[in-house]
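Take a look at the structure set out below.
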Amino acid sequence: MSKAVFLGDSLYPWLGMREILRGSSLIIDIAYYSSQMLSSVKALSDETDFIIINPDDSDFLKYARIIRNMALSPSTTIIVLADEVTFSLFQTVCGMKMQFLDQDASLDQLLQTVTRITKNKKSRNIKELTNKITANEFNVMMMLARGWSLTQIAGASQKSEKTIGAYKSNIARKLGKNNTRLKYTISHYSQP
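Sequential numbering from 0 applies to the sequence shown in numbering that gives the first Met the number 0.
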């Protein structure tokens, strides 16, 4: 029997996952945590077998920061309940391999996918993780999401503006965007 944690700011997807898993004997317990409960989630990460994340557009970067800061055991499986585009971006931004759970799938399909993942059967990732975002790039991305200029980021991080510009270009390339579209992408996935 496995323990799972559900991270999301909406109770409805958690209730749905709990109902899907109820009676399946796959997972004993699935606890719910919102992004405001960061310290509790850090404490639970050592004893958790599965982390199911439902990153809403407005909390995308917040959940990426939570996952990047967690001290996860190597056996912890991260499952992302999202659409394919969000999953691909989230996996790249977090810089680790994750399992995809299509939020638009039927209940039967969700149960089959979760069963396959929990039984360690071969699963499919939508996008193979090849270009993960580094810690420096992630910090620059978080500051860009807050509306900081390259000059402000360079001053705060004590790096040259040219280095920050290179980080920004790397982020855009890794996310499959150009520098112009990067600002829209980041602002789309940051808090309103």
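We treat Cβ as the ideally placed atom computed from N, Cα and C, and that holds for glycine.
Predicted, not measured: the structure shown is a model, and the values here were computed from it.
Here's the rule: buried if 16 or more other CB atoms are within 10 angstroms of the residue's CB, otherwise exposed. What is ASN124?
Translated into positions along the sequence shown, residue 124 becomes position 125. Interpretation of ASN124 is limited by its pLDDT of 48, a score under 50 that renders its predicted location unreliable; the figure taken from the coordinates is listed afterwards. Here ASN124 is exposed, its C-beta having fewer than 16 other C-beta atoms within 10 Å.
Residues of its chain near ALA155, where Cβ-Cβ distance is below 8 Å and the 5 sequence neighbours each way are ignored:
By one-based count along the sequence shown, residue 155 stands at place 156. So the list reads MET142 and TRP147, once near-sequence residues are dropped.
Burial state of SER206, where buried means 16 or more other Cβ atoms lie within 10 Å
The requested residue 206 does not occur in the structure, where the chain is confined to residues 0 to 191.
On the three-state DSSP scale, how would you describe ILE125?
Your numbering for residue 125 matches position 126 in the sequence shown. Summary for ILE125: the model assigns pLDDT 49, below 50, so the residue's position carries little reliability; its value from the coordinates is reported in the next sentence. Coil, per DSSP.
Completely contained alpha helix (DSSP H) runs for the region 103-172, where each covers 4 or more residues
Given a length threshold of 4 residues, each whole run of the alpha helix (DSSP H) inside the region 103-172 is given here in chain order: 106-117, 134-144 and 149-156.
Which whole runs of the beta strand (DSSP E) in the region 22-96 are 3 residues long or more, in chain order?
Along the length of the region 22-96, whole beta strand (DSSP E) runs at least 3 residues long occupy 26-32, 49-52 and 76-81, reported in chain order.
So VAL92 and ALA63 are in contact, right, with Cβ under 8 Å, and what is the actual spacing, rounded?
Residue 92 sits at position 93 when you count from the first residue of the sequence shown. Residue 63 sits at position 64 when you count from the first residue of the sequence shown. Yes, they are in contact, since the Cβ atoms of VAL92 and ALA63 sit about 5 Å apart, within 8 Å.
Residues near TYR11 by beta carbon distance below 8 Å, same chain, minus five either side
Stepping through the sequence shown from its first residue, residue 11 is reached at position 12. The answer is none, since no qualifying residue turns up.
With the cut-off set at 7 Å, would you say MET97 and ILE116 are in Cβ contact?
Reading the sequence shown from its first residue, position 98 is the one you call residue 97. Reading the sequence shown from its first residue, position 117 is the one you call residue 116. Contact: no.
Opening and closing residue of the beta strand (DSSP E) in which ASP174 lies
What you label residue 174 is simply residue 175 of the sequence shown in a count that begins at 1. Residue identity check: residue 174 is Leu in the sequence provided, not Asp. Boundaries for LEU174: no beta strand (DSSP E) harbours it, and the DSSP string shows neither H nor E there.
Is LEU106 buried or exposed, if buried means 16 or more other CB atoms sit within 10 Å of its CB?
As a position in the sequence shown, residue 106 is number 107, starting the count at 1. Counting Cβ neighbours within 10 Å, LEU106 comes out exposed, since fewer than 16 surround it.
Closest residue to SER57 among ILE51, ALA144, LEU149 and TYR31 (Cα-Cα distance):
As a working mapping, residue 57 is identified with position 58 in the sequence shown. Closest by C-alpha distance to SER57, out of ILE51, ALA144, LEU149 and TYR31, is ALA144.
Residue burial classification, MET140 (beta-carbon count within 10 angstroms, cutoff 16)
As a first step, residue 140 must be located in the sequence shown, where it is residue number 141. When all chains shown are included, MET140 counts as buried.
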